[in-house]
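Numbered according to this note's numbering, the sequence shown spans residues 51 to 448.
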Amino acid sequence: MKETLIHVAKQVAHALPIFKRERIPVVARVHGIFDGTIQDLWFIVGSQNTSLIDKPHISALGNVVPRNSLIATRILNGELGTPIIYTTKNYIKKIVEHNVAAYSKADLKNCSISLADDTQVYTYDDINDFLEALQVKEAEITAKQREIEEQKQKIAELKQQENTAHQRSVLTKGLQKMEEEKRVLTLQQEEMSKLSRYIRKQGQLRFNPILDPIQNRIKTRNLYDGTTIIIDGGPGTGKTTTMIQRLKYLIDKDAIEEDFVEESGLYQLNARQRDQLHDAINKDRDWLFFSPSTLLKEYLSNAMNEEGLGNTNSKVWNWSEYCQKISIETSLNGTDWIEAADITDEVKNNNSSENLHLMEKSFTAASQVRIVMKGNFIGKCYEFSTAGIAFIGEEELN
51 MKETLIHVAK QVAHALPIFK RERIPVVARV HGIFDGTIQD LWFIVGSQNT
101 SLIDKPHISA LGNVVPRNSL IATRILNGEL GTPIIYTTKN YIKKIVEHNV
151 AAYSKADLKN CSISLADDTQ VYTYDDINDF LEALQVKEAE ITAKQREIEE
201 QKQKIAELKQ QENTAHQRSV LTKGLQKMEE EKRVLTLQQE EMSKLSRYIR
251 KQGQLRFNPI LDPIQNRIKT RNLYDGTTII IDGGPGTGKT TTMIQRLKYL
301 IDKDAIEEDF VEESGLYQLN ARQRDQLHDA INKDRDWLFF SPSTLLKEYL
351 SNAMNEEGLG NTNSKVWNWS EYCQKISIET SLNGTDWIEA ADITDEVKNN
401 NSSENLHLME KSFTAASQVR IVMKGNFIGK CYEFSTAGIA FIGEEELN
């Protein structure tokens with residue numbers, strides 16, 4: 051049931067070339083007991099390609115599941131070795147209880163292996179080199195243990211003979227030396243596994259598709275329930291990675307549908323809201339992100355592309371650049387539109403709550419208000435107390 055470090059490394063080294071050849075984007079492997087059955091789960095970014103993963107040589111490796119699926123989310127939210135119990139509803143709306151316990155996890159992108167009841171996170175640069183080194187050390191440790199057992203046997207035999215005290219003393223000193231050599235080999239094996247590969251390259255954000263349990267819980271909680279989420283932490287704690295994965299999870303159609311069918315309650319959406327969200331996703335009007343600087347904008351765009359958030363050129367903006375593309379217009383009849391230049395300047399320069407109140411006052415005389423963005427846009431309607439404001443793309447004006 052519980053795997054050794056070498057066994058996990060062997061499984062990963064064997065499976066990775068197969069997944070790569072089939073172009074299956076695996077990002078993690080988890081081994082444990084799932085509903086009473088020992089299984090290997092391989093997490094992938096994106097949706098399942100049933101025709102591909104049903105191939106015998108793929109199914110022989112284990113079950114391939116989306117990283118944002120319910121079972122993957124539950125596992126990643128928990129700790130290794132800790133049983134997880136949760137319920138869902140099947141296709142006939144019968145409640146089904148699930149029991150899950152994961153005992154090892156291999157993060158294939160960050161090249162790390164974690165084992166239950168082991169606080170060490172084993173990291174490597176190349177899985178084949180790592181496995182070879184482990185096997186060499188393991189062979190040396192095994193050989194040394196065999197020498198120790200033979201030495202102990204000799205000492206035990208001498209104890210049955212008279213006048214062998216000097217010989218036994220010499221052998222005992224030799225035995226102590228062997229045991230020390232074995233201890234050093236074991237330490238070398240452990241130290242080798244501690245070499246970290248987490249080096250950030252200049253100008254890039256590290257792609258980290260598998261979050262730790264705390265980050266993953268932030269990613270999957272308070273979905274569409276009106277709660278404002280603030281992700282706070284020091285440098286390098288994974289704030290940006292968690293935010294990007296949360297954004298991806300918020301618009302993952304498969305995860306939304308699975309949650310709706312099984313009534314898991316993660317997404318706080320009714321049927322109408324779910325259909326509206328699916329429509330926005332299908333029309334590529336699902337999200338818009340503002341960066342405080344152009345440099346961070348480039349970082350974020352690269353990381354978002356890695357995560358599968360497409361069309362980032364028109365969705366990731368620096369605020370000052372974005373403001374050059376918008377104007378606010380008002381109309382009394384819905385046909386003749388006039389740019390409200392003073393209000394536009396207020397929005398571009400400061401979008402504080404005080405200025406929003408100024409906007410409401412200025413909109414009182416207008417029956418309709420629209421915000422026009424030149425080029426691509428994300429459509430959304432904001433309801434103020436005296437006017438509805440709609441984002442309109444330049445291409446839709448004619």
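Every residue gets a Cβ at the ideal spot worked out from N, C-alpha and C, and that includes glycine.
**Prompt:** Below 8 Å between beta carbons: does that hold for residue 259 and residue 365?
**Reply:** As a working mapping, residue 259 is identified with position 209 in the sequence shown. As a working mapping, residue 365 is identified with position 315 in the sequence shown. Cβ atoms of residue 259 and residue 365: not closer than 8 Å.
Beta-carbon proximity check, residue 272 vs residue 281, cutoff 8 Å: In the sequence shown, the residue the question calls residue 272 occupies position 222. In the sequence shown, the residue the question calls residue 281 occupies position 231. No, Cβ-Cβ distance for residue 272 and residue 281 is not below 8 Å.
* Cα-Cα separation between residue 277 and residue 346, rounded to whole angstroms -> Reading the sequence shown from its first residue, position 227 is the one you call residue 277. Reading the sequence shown from its first residue, position 296 is the one you call residue 346. Their Cα atoms are separated by approximately 26 Å.
Q.
When you measure from the CB of residue 262 to every non-hydrogen atom of the ligand ADP, does any distance come out below 7 Å?
A. Inclusion of the ligand ADP in the displayed structure is not the case, the ligand content being empty and no account of it being possible.
| query | With distances taken from CA atoms, which of 328, 148, 349, 147 is nearest residue 294? | reply | Working through the sequence shown from its first residue, we reach residue 294 at position 244. Measuring from the Cα of residue 294, the nearest candidate turns out to be 349.
Problem - Three-way DSSP call (helix, strand, coil) for residue 123 in this model - result: As a first step, residue 123 is located in the sequence shown; it is residue number 73 there, counting from the start. Annotated three-state conformation of residue 123 is helix, per DSSP.
**Item:** Opening and closing residue of the beta strand (DSSP E) in which residue 149 lies
**Value:** On the sequence shown, position 99 is the one that residue 149 refers to. It spans 145–157 - the beta strand (DSSP E) in which residue 149 sits, taken as one unbroken run.
Q. Does DSSP classify residue 59 as helix, strand or coil?
A. Against the sequence shown, residue 59 aligns to sequence position 9. In this structure, residue 59 counts as helix in the three-state DSSP scheme.
First through last residue of the alpha helix (DSSP H) which encompasses residue 187: Residue mapping note: residue 187 aligns to position 137 of the sequence shown, counting from 1. Per DSSP, residue 187 belongs to the alpha helix (DSSP H) from 177–208.
query = residue 180: which of 337, 316, 60, 332 sits nearest, CA to CA?
reply = Indexing the sequence shown from 1 puts residue 180 at position 130. By alpha-carbon distance to residue 180, the top candidate from 337, 316, 60, 332 is 60.
Exercise. Among the residues of its own chain, which have a CB less than 7 Å from the CB of residue 362, if the five just before and after it don't count?
Worked result: Reading the sequence shown from its first residue, position 312 is the one you call residue 362. Closer than 7 Å at the Cβ level, and outside the excluded window around residue 362, lie 351, 354, 355.
I need the boundaries of the beta strand (DSSP E) containing residue 89, first residue and last residue. Here residue 89 is taken as the residue at index 39 of the sequence shown, counted from 1. Bounds of the beta strand (DSSP E) holding residue 89 are 87–94.
Checklist entry - When the distance is taken between beta carbons, is residue 177 closer than 8 Å to residue 62? => result Numbered from its first residue, the sequence shown carries residue 62 at position 12. Numbered from its first residue, the sequence shown carries residue 177 at position 127. It is a contact, given that the beta carbons lie within the stated cut-off.
*Tell me where the beta strand (DSSP E) around residue 113 begins and ends.*
Taking the sequence shown and counting its residues from 1, one reaches residue 113 at position 63. Start and end: 113–116.
(message) Tell me the residue span of the beta strand (DSSP E) that contains residue 347.
(response) As a first step, residue 347 is located in the sequence shown; it is residue number 297 there, counting from the start. Per DSSP, residue 347 belongs to no beta strand (DSSP E); it is in the alpha helix (DSSP H), 344–356.
Report task. Tell me whether residue 120 is buried or exposed, calling it buried when 16 or more other Cβ atoms sit within 10 Å of its Cβ. Result -> Position 70 of the sequence shown, counted from the first residue, corresponds to residue 120. Buried is the call here.
| Beta-carbon proximity of residue 114 to residue 94, cut-off 8 Å | The count along the sequence shown starts at 1 and reaches residue 114 at position 64. The count along the sequence shown starts at 1 and reaches residue 94 at position 44. With contacts defined by Cβ atoms closer than 8 Å, residue 114 and residue 94 form a contacting pair.
With 16 other CB atoms within 10 Å as the buried threshold, where does residue 122 fall?
Residue 122 sits at position 72 when you count from the first residue of the sequence shown. Buried: at least 16 other Cβ atoms inside 10 Å.
Query raised in the report: Are at least three pairs of beta-carbons, each pair with one atom in the segment 259–270 and one in the segment 210–226, less than 8 Å apart?
Result: In short, these stretches do not touch, since the Cβ pair count stays below three.
Residue from 360, 379, 342, 383 whose Cα sits closest to the Cα of residue 367:
Locating residue 367 in the sequence shown gives position 317, where the first residue counts as 1. Considering only 360, 379, 342, 383, the residue with the shortest C-alpha distance to residue 367 is 342.
Contact check, residue 324 vs residue 310, beta carbons under 8 Å: Taking the sequence shown and counting its residues from 1, the one referred to as residue 324 is at position 274. Taking the sequence shown and counting its residues from 1, the one referred to as residue 310 is at position 260. Yes; because the gap between Cβ atoms is below 8 Å, this pair is in contact.
Quiz item: Does DSSP put residue 267 in a helix, a strand or coil?
Solution: Counted from its first residue, the sequence shown places residue 267 at position 217. Note: residue 267 maps to helix in three-state DSSP.
Check: Considering only the beta carbon of each residue, do residue 298 and residue 357 sit closer than 8 Å?
Finding: In the sequence shown, residue 298 corresponds to position 248, counting from 1. In the sequence shown, residue 357 corresponds to position 307, counting from 1. A Cβ-Cβ contact shorter than 8 Å links residue 298 with residue 357.
Less than 7 Å between C-beta atoms, sequence neighbours within five positions excluded: which residues of the same chain meet that for residue 402?
For the purposes of this step, residue 402 is identified with residue 352 of the sequence shown, where counting begins at 1. Residue placement at residue 402 is flagged as unreliable, the pLDDT there being 48, under the threshold of 50; the coordinate-derived value follows with that caveat. Closer than 7 Å at the Cβ level, and outside the excluded window around residue 402, lies no residue.
task = Can you tell me the Cβ-Cβ gap for residue 27 and residue 111, rounded? I've got them flagged as a contact below 8 Å.
result = Limits of the chain in this structure are 51 at one end and 448 at the other, which puts residue 27 out of reach.
Euclidean distance between Cα positions of residue 287 and residue 339: Counting from one through the sequence shown, the residue named residue 287 turns up at place 237. Counting from one through the sequence shown, the residue named residue 339 turns up at place 289. A straight line joining the alpha-carbon of residue 287 with that of residue 339 spans about 21 Å.
Cα-Cα separation, residue 150 to residue 132
Counting from 1 along the sequence shown, the entry for residue 150 is found at position 100. Counting from 1 along the sequence shown, the entry for residue 132 is found at position 82. The straight-line gap from Cα to Cα measures roughly 8 Å.
#### Entry: residue 364, DSSP secondary structure in three states
As a first step, residue 364 must be located in the sequence shown, where it is residue number 314. Shown here, residue 364 sits in a helix according to DSSP, grouped into three states.
Which residues bound the beta strand (DSSP E) around residue 73? Counting from one through the sequence shown, the residue named residue 73 turns up at place 23. Where residue 73 is concerned, there is no enclosing beta strand (DSSP E), given that its DSSP letter is neither H nor E.
query: For residue 145, does the count of other Cβ atoms within 10 angstroms reach 16, so buried, or fall short, so exposed?
result: Taking the sequence shown and counting its residues from 1, the one referred to as residue 145 is at position 95. Result: exposed.
Fill in: For residue 96, the nearest candidate out of 83, 318, 130, 74 (CA to CA)
Reading the sequence shown from its first residue, position 46 is the one you call residue 96. Residue 74 is the option with its Cα nearest to residue 96.
request  = Please classify residue 91: is it buried, with 16 or more other beta-carbons within 10 angstroms of its beta-carbon, or exposed?
outcome  = The residue you call residue 91 lines up with position 41 of the sequence shown. Buried.
Taking DSSP as the reference, what is the three-state secondary structure of residue 381?
Reading the sequence shown from its first residue, position 331 is the one you call residue 381. In this structure, residue 381 counts as strand in the three-state DSSP scheme.
Over the uninterrupted alpha helix (DSSP H) stretch that includes residue 327, give me the two end residues. Here residue 327 refers to the residue found at position 277 when the sequence shown is read from its first residue. If you look at residue 327, you'll find it in the alpha helix (DSSP H) that goes 321–332.
Cβ-Cβ separation, residue 275 to residue 318 (assumed contact under 8 Å), whole Å: Taking the sequence shown and counting its residues from 1, the one referred to as residue 318 is at position 268. Taking the sequence shown and counting its residues from 1, the one referred to as residue 275 is at position 225. Right, their Cβ atoms sit about 4 Å apart.
inquiry  = For residue 186, count the other beta carbons within 10 Å of its own beta carbon; 16 or more makes it buried, fewer makes it exposed. Which is it?
reply    = Against the sequence shown, residue 186 aligns to sequence position 136. Counting other Cβ atoms within 10 Å of its Cβ, residue 186 stays below 16 and is therefore classed as exposed.
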